[in-house]
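Residue numbers for the sequence shown follow the working numbering, so the first one is 4 and each next one is one higher.
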Amino acid sequence: MSDWPNSLARKAIQDLKAYSARGKSTSALHLDANESPWAPPPADSSTSAFNRYPGQQPQDLRNRLADIYGVVPEQLMLGRGADEAIDILLRTFCEARQDKILLCSPTFGYFTTAAQVQGASITDVPLADDFSWDIPAVLNAIEAESPKLTFLCSPNNPTGNSLSAGQIQQVCQASVNGLVVVDEAYIEFSSQNSVIALQSEFQNLVVLRTLSKMYALAGVRMGVCVADPRIIALMLKVLPPYPIPRPVETAVMKALSPATIAVHKSRRNLIRTERDRVFAELQGSDFVEKTYPSDANFILFKAKNIDKMLGELRAANVRIRDFRSKLPDHFRISIGSAEENNIALSIFKGGTKTAVNKRTGEVFRKTNETDIAVQVNLDDPKTVKISTGIGFFDHMLEQIAKHGGLGLTLTCDGDLEIDSHHTIEDTALAFGAALKQALGNKAGIGRYGFVMPMDETQARIAIDLSGRPAFVFDGNFPTESVGEFASEMCPHFFQSLSQALGASIQISVDGDNTHHMIEACFKGVGRALRPAFAKVGGDIPSTKGLL
Ligand SMILES: *Cc1c(COP(=O)(O)O)cnc(C)c1O
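Below, the structure written as structure tokens:
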């Protein structure tokens, strides 16, 4: 098929010349698009380009997403959610009253809607009773019916299970006269890898991704189709002009700034942990007949005592998704924050409070000098991931996390080409603010101290979580720096931390070795903070030593 993939497209699309939207905006004098010469009021930097049409596929955003998905920009079509990509696939490839799509029900409802809107018919190869895919039946149907598009949703919505890469390969091999569309809306939550990498082997493999789920941007509307550049070129002929509003581009670029990625991943890990906890807890419930293991951020379950369950959910104003029209007695519950899940679980567990609140804090802080994302988790020390660009500083922050018994994800993209000052100071401010948030109003007035001996060095730390910042430092470092870390930044870090955390921090340190002395300060502060974070009694976090 030398004319591939044109030969797959609708005849009208093969012959269509793309609508000429203006290309990348330049510094030229633009008298070509009947725009207003003035930005709309009120004038500020965020609206300065609102009077100009955006790029058809905004280049910076396309580059950023290509980077995140590990492909080249020409492999991407950006649209208003993965939903728009589904619609564009149908309109590009399926001739009304002639072409077919294949899907495996129960699955994502919009495959059906988009096919019906376009007038394509639907071949359904239902999932087996255990919701696994009947691959031999799918292969037979592809051979018999030659669907233009075969939709596979992995992890599947609403069942939550995934296909293996091997199964997807088999379907790609069989689809000689069509495309295989793998909807990976939930892939980030899955134990399986994305199949984007398989595209080098199968040019008929199309992958859909979205920023609505893991990246928390459902309200912004941004999804992408990842495919062979020739497929993308066809789809771009069908995509309406200028589909990505400038405010959307700005919002996405901000939410996906390099510093935020570590926090997105750490939130993803929280969701996975919560999913497994909710799964386990649902199993003992009087309202649950059966739960299905999930690779996504939701759980499908078969319910019992349904009227009572629905009554209690309604009384508590908790909504879950009713799937009874497609699967008798089945419901789907999305995984929320630990606090939200606890509310839902208290219904399923008959009012008994089963879980402990997770205390987390998150701060995103961006200035001209630094771009910082930090997440702390006082109840789960498992994840410690730190990257500030200063090796020694990373190591010191790890010491605070380890000795403080807290999870810490922290990324700082700072102006290190100038010096390390802003990176260290701003990191302290963001870290302190995140700790304060995690402690919430449960942080009482507490006084903690710790003496940290290290070889010849001794650091004595006293911390008072009084809400009032104060800082005292006593110590003289024998050398001016350790690596790129200036010794004077050690007291400055704790001063900034005390300010942002609202704590009085007193440190006195003696020794002959600057590295040891700084390390003793960080470890000692971690140790002194540990009892402040400890939970005392039951599931109510409180601080010891109330005054
Ligand atoms: C949520 C969802 C989508 C839609 O994603 P948007 O990018 O928000 O349009 C696509 N596919 C599946 C399976 C989904 O569950």
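Even for Gly, the Cβ is constructed at its ideal location relative to N, Cα and C.
Predicted model, so just to flag it, every value in this text is computed and none were measured.
Exposure of residue i, with buried meaning 16 or more beta-carbon neighbours within 10 Å
i      : result
Val120 : exposed
Asn66  : exposed
Asn37  : exposed
Gly486 : exposed
Arg327 : exposed
Leu105 : buried
Ser49  : exposed
Lys439 : buried
Leu32  : exposed
Glu342 : exposed
Gly540 : Note that Gly540 scores 47 on pLDDT, short of 50, meaning its location in the model is unreliable and no value can be drawn from it.
Thr370 : exposed
Gly314 : exposed
Leu214 : buried
Ala99  : exposed
Glu428 : buried
Lys311 : exposed
Tyr22  : exposed
Asp325 : exposed
Ser51  : exposed
Gln101 : exposed
Ser14  : The sequence as given places Lys at residue 14; Ser does not occur at that position. Flag for Lys14 reads exposed.
Assigned secondary structure, residue i (DSSP; H/G/I helix, E/B strand, else coil)
i      : result
His518 : helix
Val75  : coil
Leu105 : strand
Arg270 : helix
Pro244 : coil
Ile421 : coil
Asn37  : coil
Ile586 : The displayed coordinates of the chain run from 4 to 550. Any statement about residue 586 would go beyond what the structure contains.
Asn66  : helix
Phe290 : coil
Pro494 : helix
Met312 : helix
Tyr22  : coil
Asn160 : coil
Val512 : strand
Leu81  : strand
Gly394 : helix
Thr110 : coil
Lys307 : coil
Ile145 : helix
Pro544 : Bear in mind that the predicted position of Pro544 carries a pLDDT of just 39, short of 50, making it too unreliable to give a figure here.
Cys415 : strand
Lys551 : Given that the chain is displayed from residue 4 to residue 550, the structure contains no residue 551 and the question cannot be resolved.
Leu442 : helix
Gln402 : helix
Ala221 : coil
Lys526 : helix
Asp467 : strand
Ala168 : helix
Ile264 : helix
Lys257 : helix
Ala436 : helix
Gly505 : coil
Ala15  : helix
Proximity test, residue i beta-carbon vs ligand 1 heavy atom, cut-off 7 angstroms
i      : result
Ala117 : no
Lys216 : yes
Thr213 : yes
Asp186 : yes
Asp86  : yes
Phe111 : yes
Ala221 : yes
Cys156 : yes
Asn160 : yes
Gly226 : yes
Open item on the list: Within 8 angstroms, do at least three Cβ pairs link the stretch 401 to 413 to the stretch 523 to 534?
Closed with: yes
TODO: Check whether the stretch 262 to 270 touches the stretch 125 to 137, counting contact only when three or more Cβ pairs, one atom from each stretch, lie closer than 8 angstroms.
DONE: no
TODO: Report yes or no: do the stretch 380 to 392 and the stretch 222 to 233 share at least 3 C-beta pairs separated by less than 8 angstroms?
DONE: no
Open item on the list: Could you check whether the stretch 414 to 425 touches the stretch 470 to 483, counting it as contact only if at least three pairs of C-beta atoms, one from each stretch, sit closer than 8 angstroms?
Closed with: no
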